[in-house]
Ligand code: GAL
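In the numbering used here, the protein residues as written are 7 to 424.
So this is what it looks like as structure tokens:
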């Protein structure tokens with residue numbers, strides 16, 4: 007009897023040791039992100055499940071708030087207190103800003119072993135590196151300049167998907183005459199900035215967008231084209247419902263879903279909401295590139311922060327390798343509404359909207375019309391983005407003239423660069 011008890015005790019001790027080794031082998035990671043809506047949560051759930059299936063321990067740190075401004079505030083507090091999360095949803099210039107301060111850990115060994123350079127668009131690989139080493143792994147390629155519509159609502163005014171802003175305004179006027187909200191929108195600075203940048207690209211074109219929102223060229227910012235952009239933004243302001251202020255983006259998507267509104271202008275994370283609700287593209291909702299040409303890029307990535315704990319360092323390597331695996335790139339993006347960051351992942355399992363996105367991405371790369379989203383932190387430093395958002399949101403919520411908006415914007419951007 008005694009020997010049996012001894013054996014059981016030894017077996018339990020061995021089991022505990024092995025399981026701790028297993029966790030050690032796959033480590034643990036705390037992940038700070040803002041994916042909390044239906045589609046977003048389904049997608050990040052794919053990453054969590056994949057990581058736990060590898061034997062890792064996932065510590066979830068969601069910070070609600072579309073567009074990520076609240077999450078970035080929380081991140082700054084964590085880093086300042088000397089307790090950064092191991093992994094963070096972070097994009098574009100934000101990666102460079104944190105890397106420049108020595109806050110990020112290299113995953114170059116994982117990237118080299120798995121030839122990441124061969125599987126990513128060059129522009130994306132460049133965004134993920136600091137001083138030539140990968141410090142972040144891209145999970146997707148979102149497109150910002152999309153128009154979403156409810157086909158039944160359009161049918162009520164015998165309308166098709168518009169291909170120009172004049173056509174959009176004509177359909178919106180018809181919807182408004184029928185007492186239907188033309189444009190579902192959430193009155194939050196990042197959403198107002200999303201409308202703004204889609205118009206900058208759609209009305210000014212790719213070169214104008216690059217000059218005004220990437221190079222911050224004063225002449226472009228003060229041009230008649232920019233006045234035209236604000237004129238159209240004023241038209242869009244007239245197409246939203248009285249309760250738009252403060253609305254979360256996914257609640258605006260729901261308005262299109264249930265026929266309360268005709269359109270939403272939003273990145274394809276909105277498609278994740280339609281899919282999470284069981285809606286079928288081409289039947290329950292329509293997707294089309296917003297009028298204009300080009301491709302507004304918004305790529306989500308997970309950046310790895312310097313942490314002291316060996317388990318978390320191991321967990322970072324496992325997570326980096328998992329994120330760039332073809333299987334994860336497919337499962338995550340099917341739920342998220344985006345397309346894989348990896349260019350070698352086939353889209354056979356993806357819908358017509360995703361197929362259109364990749365075709366337009368490839369065409370935009372060819373035509374030098376692939377632009378980084380300013381509203382989604384891909385184009386300019388956080389402080390400059392903040393100035394754009396302040397002017398655009400003030401314009402959207404006041405009777406400021408387009409000419410005043412242009413002059414205010416130009417001097418605000420000039421100040422932000424001092
Ligand atoms: C974007 C982010 C997307 C989605 C969206 C709404 O900035 O890249 O993944 O989360 O915000 O929250």
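We put the beta carbon where it would ideally sit given N, CA and C, even for glycine.
None of the values given here were measured: they were computed from a predicted structure.
Per DSSP, what are the beta-bridge partners of residue i in this structure?
{"i": "residue 193", "result": "251"}
{"i": "residue 304", "result": "148"}
{"i": "residue 376", "result": "301"}
{"i": "residue 270", "result": "154"}
{"i": "residue 34", "result": "63"}
{"i": "residue 68", "result": "39"}
{"i": "residue 53", "result": "Paired residues: none, contrary to the question."}
For residue i, which option in the options has the closest C-alpha, if you only look at C-alpha atoms?
{"i": "residue 124", "options": "418, 375, 400 and 351", "result": "351"}
{"i": "residue 354", "options": "337, 368 and 367", "result": "337"}
{"i": "residue 322", "options": "104, 349 and 140", "result": "140"}
{"i": "residue 4", "options": "362, 405, 194 and 127", "result": "The chain is shown only over 7 to 424; residue 4 falls outside these bounds and no answer can be derived."}
{"i": "residue 3", "options": "232, 345 and 366", "result": "Because the chain is modelled from 7 through 424, residue 3 falls outside the range shown and cannot be assessed."}
{"i": "residue 394", "options": "405, 413, 377 and 376", "result": "413"}
{"i": "residue 302", "options": "119, 384, 169 and 35", "result": "384"}
{"i": "residue 145", "options": "77, 391, 377 and 332", "result": "332"}
{"i": "residue 410", "options": "162, 307, 73 and 232", "result": "232"}
{"i": "residue 81", "options": "65, 59 and 104", "result": "104"}
{"i": "residue 287", "options": "85, 340 and 229", "result": "340"}
{"i": "residue 41", "options": "155, 60, 401 and 255", "result": "255"}
{"i": "residue 374", "options": "58, 129 and 360", "result": "129"}
{"i": "residue 67", "options": "60, 295, 78 and 405", "result": "78"}
{"i": "residue 59", "options": "72, 32 and 37", "result": "32"}
{"i": "residue 189", "options": "207, 226, 179 and 245", "result": "245"}
{"i": "residue 154", "options": "297, 318 and 198", "result": "297"}
{"i": "residue 420", "options": "142, 56, 280 and 390", "result": "390"}
{"i": "residue 365", "options": "215, 147 and 218", "result": "147"}
{"i": "residue 388", "options": "96, 227 and 215", "result": "96"}
{"i": "residue 213", "options": "308, 279, 378 and 162", "result": "378"}
{"i": "residue 199", "options": "407, 400, 404 and 418", "result": "400"}
Give the C-beta separation of residue i and residue j to the nearest angstrom, bearing in mind that I take them to be a contact with Cβ-Cβ under 8 Å.
{"i": "residue 49", "j": "residue 342", "result": "4 Å"}
{"i": "residue 313", "j": "residue 92", "result": "5 Å"}
{"i": "residue 209", "j": "residue 152", "result": "Actually they do not touch by this definition, with Cβ atoms about 16 Å apart."}
{"i": "residue 253", "j": "residue 192", "result": "4 Å"}
{"i": "residue 113", "j": "residue 326", "result": "4 Å"}
{"i": "residue 62", "j": "residue 94", "result": "17 Å between Cβ atoms; not a contact."}
{"i": "residue 258", "j": "residue 270", "result": "5 Å"}
{"i": "residue 156", "j": "residue 262", "result": "5 Å"}
{"i": "residue 238", "j": "residue 292", "result": "That pair is no contact at about 21 Å."}
{"i": "residue 160", "j": "residue 310", "result": "Not confirmed; about 45 Å, so no contact."}
Taking 6 Å as the cut-off, is the CB of residue i close to at least one heavy atom of the ligand GAL?
{"i": "residue 304", "result": "yes"}
{"i": "residue 392", "result": "no"}
{"i": "residue 191", "result": "no"}
{"i": "residue 316", "result": "no"}
{"i": "residue 152", "result": "no"}
{"i": "residue 39", "result": "no"}
{"i": "residue 51", "result": "no"}
{"i": "residue 46", "result": "yes"}
{"i": "residue 278", "result": "no"}
{"i": "residue 125", "result": "no"}
{"i": "residue 98", "result": "no"}
{"i": "residue 210", "result": "no"}
{"i": "residue 33", "result": "no"}
{"i": "residue 73", "result": "yes"}
{"i": "residue 171", "result": "no"}
{"i": "residue 275", "result": "yes"}
Cβ of residue i less than 7 Å from any chain C Cβ?
{"i": "residue 47", "result": "This model lacks chain C altogether, as it is built from one protein chain only."}
Alpha helix (DSSP H) runs wholly inside the stretch 274 to 353, at least 4 long, in chain order: 275 to 282, 316 to 329 and 332 to 342
Runs of beta strand (DSSP E) lying entirely within the stretch 171 to 239, each at least 3 residues, in chain order: 187 to 189
Alpha helix (DSSP H) segments (min. 4 residues) lying fully within the stretch 70 to 107: 75 to 86 and 98 to 106
Segments of 3+ residues assigned as beta strand (DSSP E) that fall wholly inside the stretch 359 to 421: 376 to 378
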